[in-house]
Amino acid sequence: MGKKVREFRHFIDDILESIQKIEDYSLNLSEEDFQFNFEKQDAIARRLEIIGEAVKNIPVDVKNQFTDIPWKSIAGLRDVIAHDYFGILPKRLWNIVKKDIPIFKVQIIQVKSKLKF
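The sequence shown finishes on residue 117 if you use the working numbering, and the numbering steps up by one all the way, no holes.
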């Protein structure tokens, strides 16, 4: 069975879905609680991995239109999570959730809006 070809807009939707799930997982959760909630850490790490994989499937010409988005860093985070999980500390995950994800969400919504799909 061959690999299913998907349009890049589907990857944008994957990113937005994962962001929503990250927001849901972290809702009403303190940083201290997060430090000891391994299920939340795993769930969020998995969603960040999905985001990174989706980013890798967005065409270069689209990425070049939105140079304010740190595409390479996002894809690189996916690789760190997938291949060096023990290198991701809960504090780093928490900072990504609380600082980076809200900004990235706005940026991805802008991508979707500007490309009108």
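Glycine included, each C-beta is placed from N, C-alpha and C at the ideal position.
Looking at the structure shown, is residue i part of a helix, part of a strand, or coil, going by DSSP?
{"i": "Val62", "result": "helix"}
{"i": "Pro90", "result": "helix"}
{"i": "Ile69", "result": "coil"}
{"i": "Leu77", "result": "helix"}
{"i": "Glu53", "result": "helix"}
Tell me, to the nearest whole angstrom, how far the beta carbon of residue i is from that of residue j; I am working on the premise that it is less than 8 Å.
{"i": "Ala45", "j": "Ile88", "result": "6 Å"}
{"i": "Ile50", "j": "Ser18", "result": "5 Å"}
{"i": "Asn94", "j": "Phe34", "result": "Note that residue 94 is Trp in the sequence shown, not Asn. Right, the Cβ-Cβ distance comes to about 5 Å (below 8 Å), so this counts as a contact."}
For residue i, I'd like the list of residues in its chain whose CB is within less than 8 Å of its CB, leaving aside the five on either flank, ordered along the chain.
{"i": "Ile58", "result": "Phe8, Phe11, Ile12, Trp71"}
Short of 6 Å in beta carbon distance, which residues of its chain neighbour residue i, apart from the five on each side in sequence? Order them along the chain.
{"i": "Gly119", "result": "As shown, the chain starts at 1 and ends at 117. That puts residue 119 outside it, with no answer to give."}
{"i": "Lys114", "result": "none"}
{"i": "Tyr25", "result": "Lys40, Ala43, Ile44"}
{"i": "Ile15", "result": "Ile51, Ala54, Ile108"}
{"i": "Phe117", "result": "Arg9"}
Which word fits residue i, buried or exposed, when buried means at least 16 other C-beta atoms lie within 10 angstroms of its C-beta?
{"i": "Phe38", "result": "exposed"}
{"i": "Ile103", "result": "exposed"}
{"i": "Val60", "result": "exposed"}
{"i": "Val120", "result": "Since the first residue shown for the chain is 1 and the last is 117, residue 120 is missing from the structure and cannot be characterised."}
{"i": "Val97", "result": "buried"}
Taking the alpha helix (DSSP H) that residue i belongs to, which residues open and close that run?
{"i": "Ser113", "result": "101-115"}
{"i": "Arg9", "result": "8-26"}
{"i": "Asp33", "result": "31-36"}
Leaving out the 5 sequence neighbours to the left and right, which residues in its chain are closer than 7 Å to residue i when beta-carbon positions are compared?
{"i": "Lys21", "result": "Arg47"}
{"i": "Val111", "result": "Ile12, Phe66"}
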